[in-house]
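Participant: If you're matching them up, the sequences are chains W and V in order. Under the numbering used here, the residues of the first sequence are numbered 41 to 587, in order. Under the numbering used here, the residues of the second sequence are numbered 2 to 199, in order. For each residue, glycine too, the CB sits at the ideal point set by N, CA and C. All values reported here derive from a predicted model rather than from experimental measurement. Handing you a structure now.
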Amino acid sequence: MSVVGIDLGTTNTVVASVRDGRVHVLADEHGNRLLPSVVSFHPNGNVLVGSAAKARRLVDAKNTIASVKRLIGRPWNSDEIRLAQSRFAFELREGTDQGTLVVTRGETYALPEISAFVLTRARQIAEAALGEVVDRAVITVPAHFNELQRVSTKVAGRIAGFDVLRILNEPTAAALAYGFGKGEAGRVAVYDFGGGTFDCSLLQLTGPLFEVLATAGDTFLGGDDIDSAIAEIMCKSFLAQHRYDPHVDPQAFEKLRSAAEDLKKDLSVNMQTVVDLLEVGHGLGGKSLDLRFAMTQADLDTLVGPFVERTLAVTQEALHLAHLSPSSFDQIVLVGGSTRMPIVKRRVEAYFGVPVMDRVNPDEVVAIGAAVQAAALVDATRQRSIPPPPKPGVVSARRDPAPPAAVVPVLVDVTPRALVVETVGGFCDIVIPRNATIPCEHTRVFATGRDLQSHVHVRIAQGEDPRFVGNTYLGELELSGLRPAPRGEVTVSVSFELDADGSLQVRAVDAVSGREARALMKLVSVAQREEDIQEMVSRSRAASVTG
Amino acid sequence: MDRDALLGWLAVIDEVSYYELLGADPTAGQDEVRRAFYDFAATFHPDSHAARPADERSAIQRIFTRGTEAYRVLSDPSLRQRYDLMRAGPSGARRISGSLSLGPILSAPPAPPPSLASSTSAPSGSASPAGRLEDHVRVMRARPFAHEAETLAKKREYAKAKLQLKLAMSMDPNNPALESYLLDLDSRIAEAKRGRGP
Chain W
41 MSVVGIDLGT TNTVVASVRD GRVHVLADEH GNRLLPSVVS FHPNGNVLVG SAAKARRLVD
101 AKNTIASVKR LIGRPWNSDE IRLAQSRFAF ELREGTDQGT LVVTRGETYA LPEISAFVLT
161 RARQIAEAAL GEVVDRAVIT VPAHFNELQR VSTKVAGRIA GFDVLRILNE PTAAALAYGF
221 GKGEAGRVAV YDFGGGTFDC SLLQLTGPLF EVLATAGDTF LGGDDIDSAI AEIMCKSFLA
281 QHRYDPHVDP QAFEKLRSAA EDLKKDLSVN MQTVVDLLEV GHGLGGKSLD LRFAMTQADL
341 DTLVGPFVER TLAVTQEALH LAHLSPSSFD QIVLVGGSTR MPIVKRRVEA YFGVPVMDRV
401 NPDEVVAIGA AVQAAALVDA TRQRSIPPPP KPGVVSARRD PAPPAAVVPV LVDVTPRALV
461 VETVGGFCDI VIPRNATIPC EHTRVFATGR DLQSHVHVRI AQGEDPRFVG NTYLGELELS
521 GLRPAPRGEV TVSVSFELDA DGSLQVRAVD AVSGREARAL MKLVSVAQRE EDIQEMVSRS
581 RAASVTG
Chain V
2 MDRDALLGWL AVIDEVSYYE LLGADPTAGQ DEVRRAFYDF AATFHPDSHA ARPADERSAI
62 QRIFTRGTEA YRVLSDPSLR QRYDLMRAGP SGARRISGSL SLGPILSAPP APPPSLASST
122 SAPSGSASPA GRLEDHVRVM RARPFAHEAE TLAKKREYAK AKLQLKLAMS MDPNNPALES
182 YLLDLDSRIA EAKRGRGP
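Here's what the structure looks like:
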């Protein structure tokens, strides 16, 4: 039995594990450590995950699902789902309770089920590499993920057969991978420029305390955009040479895009490079149309510059939210494959005025941090003893400092978004403020407004906007079985509890009788009923998932 | 030994101030408060106690949750100021229970502010429709303590009753019936003091 940390990315997924005190990023049988987060439903009934699925994106786009991370936890009526319908070839359909379903080969799948196929493949890779059963995992999510997205990710983990030990923020994981959290204090900026998305998170570290000061992101800004931009230049050059536009043939364009990606990677190391592409298209009489394309690092820098400027604008937004300036940071951690481009590193260093940390492989740093945390959570040896209690009324000096930190710190995370309830007039009342350390609990008292009212509905959202509709709607809390009484006589005290994952639990007590009231927290679009999840678990087990 | 220490913590958890809880000086600055919480968290974070038996874990969770509340209040200058004023208030009553209401009490839809004291059973045993205090206790193991508290209160041994009540409250946190009973007890203790005074 073993535990792993999984970076479930938009573009790629990475799985890592701690063995004998060292972190290992686990590779599949071909030695690949990056598992493309792509799922393809093959006509033969197999579910392909990874490079094999990615290869089918062209031939079978309708049954090949990529970037599901952009969609998970998004209700049917959200902007993201609408955008996805116009961008992606696969079919989406409305499920029960505003859930979103993927339709493929006559079957429908909830979004967590698609993510679960990626996680199942990650588990297979880990089990093959470690030679033992892997049943527990820490899975990372972006710091800005809301409750629905976190719960859905956790459900995906369960469907894939994991006991999900923790849902961990990606920037926190990256900081853990660099060994932060052992007692030093300081501010860390995590600059995460991945394949499909850009995120900037600002952390305040005080020993094991990881506070997310601010986070900002662009969900459609990544290395893929740079590949497309290079491919466009190739297209122009091809058109000029052969009077043939590769755009008309998706396969030809995809060939260019894939060559562009290789070229980009090559230019991170070399000052110039030349690619020879054979049979991009076919001309009159089946004549092969080839392309020889040369690019220098300086050319690439000119092209990439505007993209980097956009990441810095997002970074500026995060700094603005935190009321900080670039010079307030002690360390800058680089995450994501796109940070390998020398221009990115140069610009980020110039922006913050301090050298960046890029010692750990930027594709793997999040998974490594997740593995470190996973190992810590199952390490029973780090149990602390309980000091004597304080004496009321006696102002004590500081207690003895904690014993020397273990190799891995206890991580005290915070909730990145405020939890609010709707009040009269469409405004919000904050129940749990943003940046509250978790686990935590807050109690609110609700009263009936009508005579003989037996139910109270409380609408709950996440965000900082004073208007309720300006926040992300999470769902509704229903308090039922209230005793019949004139209005205002029945008051229910509801405690909202965020556990160490930041997942919401709700308990309600009739404030007068002290009886536990029935409280049902229904999260919009998320499968929560145990039997539904079990059904998805068994369906997932029955599927034949291959790499 | 840890068990005894844990019981000790539970017994005083509603008694101690946020400063005492975190081991911070009331004059401590923001950085010192953060430091103090860091030491507190290193000791009490539930992740450090995953291997303990379930009841100890729930006790630790409760202590830690109170610590996060303390940190939240003390690290917010305006909340901290309000808290300090409250502590220095005229009654000197040091109430720092978990349901400390910070902000408007929401009614959905609007309703009068909750006033619980009148309808819960009073220490003197004034006829309440719901009967004994222990019937309001949601956690079985807390009931004997609530029963004992009520018995002692009827004998006018308020201080002893308060201790028993505190124990019940530590096992059944945020129970409004117990909290309002505590208020009643406190006022009776204050009355008794005035009675004895010159």
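1) In whole angstroms, what is the alpha-carbon distance linking D572/W and L188/W?
2) Within 10 angstroms of its Cβ, does E172/W collect 16 or more other Cβ (buried), or is it exposed?
3) If you check the beta carbons only, do V108/W and V65/W fall under 9 Å apart?
4) Taking the alpha helix (DSSP H) that A407/W belongs to, which residues open and close that run?
5) Per DSSP, which residues does H482/W bridge with? Please list them.
6) Could you tell me which whole beta strand (DSSP E) segments of length 3 or greater appear in the stretch 327–351 of chain W?
7) The beta strand (DSSP E) that contains F250/W, what's its start and end?
8) Mind listing, in chain order, the continuous beta strand (DSSP E) runs of no fewer than 3 residues lying wholly within the stretch 527–577 of chain W?
9) Just how far apart, CA to CA, sit A292/W and I165/W?
10) Are the beta-carbon atoms of H148/V and L134/V separated by less than 9 Å?
11) For V201/V, go through chain W and note every residue whose CB falls closer than 7 Å to its CB, in chain order.
12) What is the residue span of the beta strand (DSSP E) that G197/W lies within?
13) Would you mind reading off the limits of the beta strand (DSSP E) that contains F233/W?
14) Which residues, taken in chain order from the stretch 214–237 of chain W, show a beta carbon closer than 7 Å to some beta carbon of chain V?
15) Given a threshold of 16 other Cβ atoms within 10 Å of its Cβ, counted over all protein chains shown, does G146/W qualify as buried or as exposed?
16) Can you look up G45/W in the DSSP assignment and give me helix, strand or coil?
17) Within this structure, are the beta carbons of A1/V and G247/W separated by less than 9 Å?
18) Around the Cβ of D550/W, are there at least 16 other Cβ atoms within 10 angstroms (buried) or fewer (exposed)?
19) Can you tell me which of R110/W, G113/W, V78/W puts its alpha carbon nearest to the alpha carbon of R96/W?
20) Taking 9 Å as the CB-CB cut-off, is A540/W touching chain V?
21) In whole angstroms, give me the CA-to-CA distance for M311/W and V181/W.
22) Please name the residue, chosen from R490/W, S378/W, V228/W, H70/W, that lies closest to L261/W on a Cα-to-Cα basis.
23) Check whether the Cβ of V63/W lies closer than 9 Å to any Cβ atom in chain V.
24) Give, in chain order, every residue of the stretch 173–197 of chain V whose Cβ lies closer than 7 Å to some Cβ of chain W.
25) Give a yes or no on whether the minimum CB-CB distance between P47/V and chain W is below 9 Å.
26) Which of helix, strand or coil does DSSP assign to W10/V?
27) So which residues on chain W does G9/V lean against when the C-beta distance must stay under 7 Å?
28) When you compare the stretch 494–508 of chain W with the stretch 35–54 of chain V, are there three or more beta-carbon pairs, one atom per stretch, that lie closer than 8 Å?
29) Based on Cα-Cα distance, which residue from V450/W, P456/W, R499/W lies nearest to T463/W?
30) Check whether the stretch 270–287 of chain W and the stretch 385–393 of chain W touch, using three or more Cβ-Cβ pairs below 8 Å as the test.
31) For F65/V, which residues in chain W fall below 8 Å Cβ to Cβ?
32) Between the C-alpha atoms of N117/W and A150/W, what's the straight-line distance to the nearest angstrom?
33) Mind listing the chain V neighbours of T246/W? Cutoff is C-beta to C-beta under 9 Å, in chain order.
34) Hey, L242/W and T255/W: beta-carbon distance below 9 Å or not?
35) Going by the CB atoms, is the gap between R424/W and S49/V shorter than 9 Å?
36) Taking C-beta pairs closer than 8 Å, name the residues in chain W that T44/V reaches, listed in chain order.
Facilitator: Straight from the coordinates:
1) As a first step, residue 572/W must be located in the first sequence, where it is residue number 532. As a first step, residue 188/W must be located in the first sequence, where it is residue number 148. For D572/W and L188/W, the distance between alpha carbons rounds to 17 Å.
2) Numbered from 1 along the first sequence, position 132 holds the residue referred to as residue 172/W. The residue is exposed, with fewer than 16 neighbouring Cβ atoms inside 10 Å.
3) Your numbering for residue 108/W matches position 68 in the first sequence. Your numbering for residue 65/W matches position 25 in the first sequence. For V108/W and V65/W, no; Cβs fall outside 9 Å.
4) Locating residue 407/W in the first sequence gives position 367, where the first residue counts as 1. Counting along the chain, the alpha helix (DSSP H) containing A407/W begins and ends at 405–417.
5) On the first sequence, position 442 is the one that residue 482/W refers to. DSSP, once it has assigned bridges, lists F536/W as partnering H482/W.
6) Entirely contained in the stretch 327–351 of chain W, the beta strand (DSSP E) runs reaching 3 residues are, in chain order, 328–336.
7) Within the first sequence, the letter at position 210 stands for residue 250/W. In this chain, the beta strand (DSSP E) harbouring F250/W covers 249–258.
8) Complete beta strand (DSSP E) runs here, min 3: 531–538, 544–550, 556–563.
9) One-based indexing of the first sequence puts residue 292/W at position 252. One-based indexing of the first sequence puts residue 165/W at position 125. About 32 Å.
10) Taking the second sequence and counting its residues from 1, the one referred to as residue 148/V is at position 147. Taking the second sequence and counting its residues from 1, the one referred to as residue 134/V is at position 133. In this structure, the beta-carbon distance from H148/V to L134/V falls below 9 Å.
11) Residue numbering for chain V in the displayed model covers 2 to 199; residue 201/V lies beyond these limits and cannot be assessed.
12) Within the first sequence, numbered from 1, the residue matching residue 197/W stands at position 157. Unbroken run through G197/W is the alpha helix (DSSP H), 187–199; no beta strand (DSSP E).
13) On the first sequence, position 193 is the one that residue 233/W refers to. 225–233 is the span of the beta strand (DSSP E), which, as asked, contains F233/W.
14) Listed by position, the residues of the stretch 214–237 of chain W near chain V (Cβ gap below 7 Å) amount to none.
15) In the first sequence, counting from the first residue as 1, residue 146/W sits at position 106. Taking all protein chains in view, the Cβ of G146/W is surrounded by fewer than 16 other Cβ atoms within 10 Å, so the residue is classified as exposed.
16) Locating residue 45/W in the first sequence gives position 5, where the first residue counts as 1. Residue state for G45/W is assigned as strand, using DSSP reduced to three classes.
17) Because chain V in this structure spans residues 2 to 199, residue 1/V falls outside the shown range and cannot be described.
18) For the purposes of this step, residue 550/W is taken as the residue at position 510 of the first sequence. Answer is buried; the Cβ neighbour count reaches 16.
19) Indexing the first sequence from 1 puts residue 96/W at position 56. Residue V78/W holds the alpha-carbon nearest to the alpha-carbon of R96/W among R110/W, G113/W, V78/W.
20) Within the first sequence, residue 540/W is the residue found at index 500, counting from 1. With 9 Å as the cut-off, A540/W counts as an interface residue toward chain V.
21) What you label residue 311/W is simply residue 271 of the first sequence in a count that begins at 1. What you label residue 181/W is simply residue 141 of the first sequence in a count that begins at 1. Between the C-alpha atoms of M311/W and V181/W there is a straight-line separation of about 35 Å.
22) One-based indexing of the first sequence puts residue 261/W at position 221. The candidate whose alpha carbon is nearest that of L261/W is S378/W.
23) On the first sequence, position 23 is the one that residue 63/W refers to. V63/W is outside the set of residues whose beta carbon lies under 9 Å from a beta carbon in chain V.
24) From the stretch 173–197 of chain V, only N175, N176, P177, A178 have a Cβ closer than 7 Å to chain W.
25) Translated into positions along the second sequence, residue 47/V becomes position 46. Output row for P47/V: interface = yes.
26) Locating residue 10/V in the second sequence gives position 9, counting from the first residue. Correct three-state label for W10/V: helix.
27) Counted from its first residue, the second sequence places residue 9/V at position 8. Simply P428, P429.
28) With the cut-off at 8 Å, the stretch 494–508 of chain W and the stretch 35–54 of chain V do not touch.
29) Residue mapping note: residue 463/W aligns to position 423 of the first sequence, counting from 1. Comparing Cα positions, the closest option is R499/W.
30) Touching, no, given that fewer than three Cβ pairs across the two stretches are closer than 8 Å.
31) Taking the first residue of the second sequence as position 1, residue 65/V is located at position 64. Here the neighbours are P479.
32) Residue 117/W sits at position 77 when you count from the first residue of the first sequence. Residue 150/W sits at position 110 when you count from the first residue of the first sequence. Cα to Cα, the separation comes out at about 15 Å.
33) Looking up residue 246/W in the first sequence gives position 206. Within chain V, the residues near T246/W are D32, R35, R36, F38, Y39.
34) Locating residue 242/W in the first sequence gives position 202, counting from the first residue. Locating residue 255/W in the first sequence gives position 215, counting from the first residue. Yes.
35) The residue labelled residue 49/V in the question sits at position 48 within the second sequence. The residue labelled residue 424/W in the question sits at position 384 within the first sequence. Contact: yes.
36) Numbered from 1 along the second sequence, position 43 holds the residue referred to as residue 44/V. Going along chain W in sequence order, the residues near T44/V (Cβ under 8 Å) are R424, I426, P427, A442.
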